[in-house]
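Notes for the one structure printed next.
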Amino acid sequence: MNRNSMPSVAIAEDGWCSGVLREPSPNFDARPDGVEIDLLVIHNISLPPGEFGGPYISDLFMNRLDCDAHPYFDQLRSLRVSAHFLIGRNGDVTQFVSTNARAWHAGVSVFEDREKCNAFSIGIELEGTDFLPFASEQYEALAMLTHALRVRHPLRNVMGHEHIAPGRKTDPGPFFDWVRYQEMVASALPDDRAEMLSFPFSHGKSPR
Ligand SMILES: [Zn+2]
0 MNRNSMPSVA IAEDGWCSGV LREPSPNFDA RPDGVEIDLL VIHNISLPPG EFGGPYISDL
60 FMNRLDCDAH PYFDQLRSLR VSAHFLIGRN GDVTQFVSTN ARAWHAGVSV FEDREKCNAF
120 SIGIELEGTD FLPFASEQYE ALAMLTHALR VRHPLRNVMG HEHIAPGRKT DPGPFFDWVR
180 YQEMVASALP DDRAEMLSFP FSHGKSPR
């Protein structure tokens, strides 16, 4: 992405993104008063694990997953989770929760001594696994979305779920190319109002 291919998506004041699919999930609540949304959290997810393209991730976030459809789903029965965004293998973006609201993606987590990262973060799920590279279309969509989010919110850091919940979570995993992502974000020329963005390796985490 460069100056000639500026993002075609934007986050409105109500926290919903134009130009992407929208599936309003019931799994959210209000952020604490006065909290600054300064952290972006990158995840991976696939349902069933390692299989791509089904409706199951959206179904999970919408509380409509048929938990009898696959043996793995049995353990998801009582789960109430969401992310703000999901980026499919083909780069399609779906938004489930307004960025102004608290999505339920990070669980028990800590960033710079602040616990419960959902309160001050935005969560993006990439359809994928810890065992396979992500698609170019996903990096392009992620960079575009990151740009739009920085224009709307004072994001200062991007971390993986694995970095804010170490020992408990492993996503986005070793195949997520943080350097590639950082380079794409850097070339997107953020709005003047945007904060500088730090990546995991700025915090001593390995970029792999
Ligand atoms: Zn995760």
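Okay, so the sequence shown: first residue is 0 according to numbering that gives the first Met the number 0, each after it adds one. In this text, a Cβ means the ideal position worked out from N, Cα and C, and glycines have one as well.
Can you list, in chain order, the stretches of the alpha helix (DSSP H) that have 4 or more residues and sit fully within the region 104-177?
-> The region 104-177 is shown to contain whole alpha helix (DSSP H) runs of 4 or more residues at 135-151 and 160-163, in chain order.
Going by C-alpha distance, which of E22, H83 and S97 is nearest A105?
-> Numbered from its first residue, the sequence shown carries residue 105 at position 106. Checked all of E22, H83 and S97; the closest Cα to A105 is H83.
Is there at least one non-hydrogen atom of ligand 1 closer than 7 Å to the beta-carbon of K247?
-> Residue 247 is absent from the model: the chain starts at 0 and stops at 207.
May I have the straight-line CA-CA distance separating V109 from H69, to the nearest angstrom?
-> Here residue 109 is taken as the residue at index 110 of the sequence shown, counted from 1. Here residue 69 is taken as the residue at index 70 of the sequence shown, counted from 1. When rounded, the distance between both Cα atoms is 32 Å.
Should H160 be counted as a contact of ligand 1 given a C-beta to heavy atom distance under 7 Å?
-> Residue mapping note: residue 160 aligns to position 161 of the sequence shown, counting from 1. Yes, ligand 1 has a heavy atom inside 7 Å of this Cβ.
What do you get for N117, buried or exposed, if any count of 16 or more other CB atoms within 10 angstroms of its CB means buried?
-> The residue labelled residue 117 in the question sits at position 118 within the sequence shown. So N117 ends up on the buried side.
Counting Cβ pairs closer than 8 Å, one from the region 27-34 and one from the region 52-60, do we hit at least three?
-> Counting Cβ pairs under 8 Å, fewer than three are found: no touch.
Taking the CB atoms as reference points, tell me whether C16 and A187 lie closer together than 8 Å.
-> Along the sequence shown, read from residue 1 onward, the residue named residue 16 stands at position 17. Along the sequence shown, read from residue 1 onward, the residue named residue 187 stands at position 188. Not a contact, by the Cβ cut-off of 8 Å.
Is L59 helix, strand or coil when you go by DSSP?
-> For the purposes of this step, residue 59 is taken as the residue at position 60 of the sequence shown. It is helical.
Could you tell me the distance, in whole angstroms, from the CA atom of H202 to the CA atom of V40?
-> By 1-based counting over the sequence shown, the position of residue 202 is 203. By 1-based counting over the sequence shown, the position of residue 40 is 41. Each residue's alpha carbon lies about 14 Å from the other.
Is DSSP giving D67 helix, strand or coil here?
-> To locate residue 67, count along the sequence shown from 1; it is residue 68. Note: D67 maps to coil in three-state DSSP.
For V80, does the three-state DSSP call read helix, strand or coil?
-> Position 81 of the sequence shown, counting from 1, holds the residue named residue 80. Correct three-state label for V80: coil.
C-alpha distance - L196 paired with N156, whole-angstrom precision | If you number the sequence shown from 1, residue 196 lands on position 197. If you number the sequence shown from 1, residue 156 lands on position 157. Straight through space, the alpha carbons of N156 and L196 are spaced by roughly 5 Å.
Between F198, Q94, F175 and F60, which lies nearest to D13 when the distance is taken from Cα to Cα?
-> Locating residue 13 in the sequence shown gives position 14, where the first residue counts as 1. Considering only alpha carbons, the answer is Q94.
For V184, does the three-state DSSP call read helix, strand or coil?
-> Reading the sequence shown from its first residue, position 185 is the one you call residue 184. V184 falls in the helix class under three-state DSSP.
Take the Cβ of R151 as the centre, count every other Cβ of all protein chains shown within 10 Å, and call the residue buried at 16 or more, exposed below.
-> Working through the sequence shown from its first residue, we reach residue 151 at position 152. Counting of Cβ neighbours within 10 angstroms places R151 among the buried residues, the total reaching 16 or more.
Span separating the alpha-carbon of Y221 from that of L64 = For the chain, the structure presents residues 0 to 207; residue 221 sits outside this window and is missing.
Can you check DSSP and say which residues form a bridge with I41?
-> Translated into the one-based positions of the sequence shown, residue 41 becomes position 42. For I41, which the question treats as bridged, DSSP gives the partners I123 and G159.
V92 - containing beta strand (DSSP E), residue span | Position 93 of the sequence shown, counting from 1, holds the residue named residue 92. V92 to Q94 is the extent of the beta strand (DSSP E) around V92.
Sequence-distant residues of the same chain with beta carbon closer than 6 Å to L20, five excluded per side | Here residue 20 refers to the residue found at position 21 of the sequence shown. In chain order, T93 place their CB closer than 6 Å to the CB of L20, counting only its own chain and leaving out the 5 sequence neighbours on each side.
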